[in-house]
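Asker:
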Amino acid sequence: MPTSEHYALNNPASASPPPIRIVATRRRRRTVAARLRAGVLELLVPDWMSHAERLRWAEVMSRRLERRLERSRPSDERLAKRAAVLNERHFGGRLRWSSIAFAEMANLWGSCTFTAGAIRIASRAASLPEWVLDYLLVHEMAHLVQSDHGPAFRELESRYALSERARGYLMALDHTATEAMG
Numbered sequence: 002m003p004t005s006e007h008y009a010l011n012n013p014a015s016a017s018p019p020p021i022r023i024v025a026t027r028r029r030r031r032t033v034a035a036r037l038r039a040g041v042l043e044l045l046v047p048d049w050m051s052h053a054e055r056l057r058w059a060e061v062m063s064r065r066l067e068r069r070l071e072r073s074r075p076s077d078e079r080l081a082k083r084a085a086v087l088n089e090r091h092f093g094g095r096l097r098w099s100s101i102a103f104a105e106m107a108n109l110w111g112s113c114t115f116t117a118g119a120i121r122i123a124s125r126a127a128s129l130p131e132w133v134l135d136y137l138l139v140h141e142m143a144h145l146v147q148s149d150h151g152p153a154f155r156e157l158e159s160r161y162a163l164s165e166r167a168r169g170y171l172m173a174l175d176h177t178a179t180e181a182m183g
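When the letters of the sequence shown are read in order and numbered with this note's numbering, they come out as residues 2 to 183.
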């Protein structure tokens, strides 16, 4: 029969660490597994593992979870840094924008106000793979040069090697969402 221990480890780097539930079970022989369930980090450990070792694993998994959550959290600063790198790599550092930020968008992945130079990326894109987010940025940055989606725009956009692949990824996501809505 599994036994449970509950902990709320103090992690000063995190504003609100999730509570941790350690479940020791005979079924688990050598490995440790972690999952997030209803806001609780559940740690599955072998029942023979010492209390100290369980606490050490709880710290390790808590830090891993925090890093994963940090990467998926929308950060305008992270977006601006990524845009600066992509500007150098694909546009020779020539592009200028007035602002770049995540924004709540229900139907678009991004937008660029050509005249004002304002770039917005959908907040829901923050959790996408980095190569897809890079594509969205390159796409919107290309609009700083070319406002439409004509051949000149497509040439600029194609400077990002994974453009076609990222478009397919986003199309599949949109299709899946449309299918789920029925």
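Backbone N, C-alpha and C define an ideal beta-carbon position, used for all residues, glycine too.
Among Ala85, Glu54 and Met172, whose alpha-carbon lies nearest the alpha-carbon of Val133?
Answerer: Along the sequence shown, one-based indexing puts residue 133 at 132. For Val133, the nearest C-alpha among the options comes from Met172.
Asker: In the structure shown, what three-state DSSP assignment does Glu43 receive?
Answerer: Here residue 43 is taken as the residue at index 42 of the sequence shown, counted from 1. Glu43: strand per DSSP, three-state reduction.
Asker: Between the Cα of Thr114 and those of Glu105, Gln147 and Asn108, spot the shortest distance and give me the residue it belongs to.
Answerer: To locate residue 114, count along the sequence shown from 1; it is residue 113. Minimum Cα distance to Thr114 is reached at Gln147.
Asker: Would you say Ala39 and Leu66 are within 9 Å of each other, going by their C-beta atoms?
Answerer: Numbered from its first residue, the sequence shown carries residue 39 at position 38. Numbered from its first residue, the sequence shown carries residue 66 at position 65. Contact: no.
Asker: Buried or exposed: where does Leu145 fall if 16 or more other Cβ atoms within 10 Å of its Cβ makes it buried?
Answerer: Along the sequence shown, one-based indexing puts residue 145 at 144. With 16 or more Cβ atoms within 10 Å of its Cβ, Leu145 is classed as buried.
Asker: So Arg90 is in the alpha helix (DSSP H); what residue range does that whole segment cover?
Answerer: Here residue 90 refers to the residue found at position 89 when the sequence shown is read from its first residue. Asp77 to Phe92 is the extent of the alpha helix (DSSP H) around Arg90.
Asker: Grab me the residues of Ser164's own chain with a C-beta within less than 8 Å of its C-beta, minus the 5 sequence neighbours each way, in chain order.
Answerer: Position 163 of the sequence shown, counted from the start, is the residue given in the question as residue 164. Contacts found: Tyr136, Val139, His140 and Glu158.
Asker: What do you reckon, are the CB atoms on Arg22 and Val41 nearer than 9 Å?
Answerer: Here residue 22 refers to the residue found at position 21 of the sequence shown. Here residue 41 refers to the residue found at position 40 of the sequence shown. Going by C-beta atoms, Arg22 is nearer than 9 Å to Val41.
Asker: Where does the unbroken beta strand (DSSP E) through Val24 begin, and where does it stop?
Answerer: Reading the sequence shown from its first residue, position 23 is the one you call residue 24. Its beta strand (DSSP E) spans residues Ile21 to Thr26.
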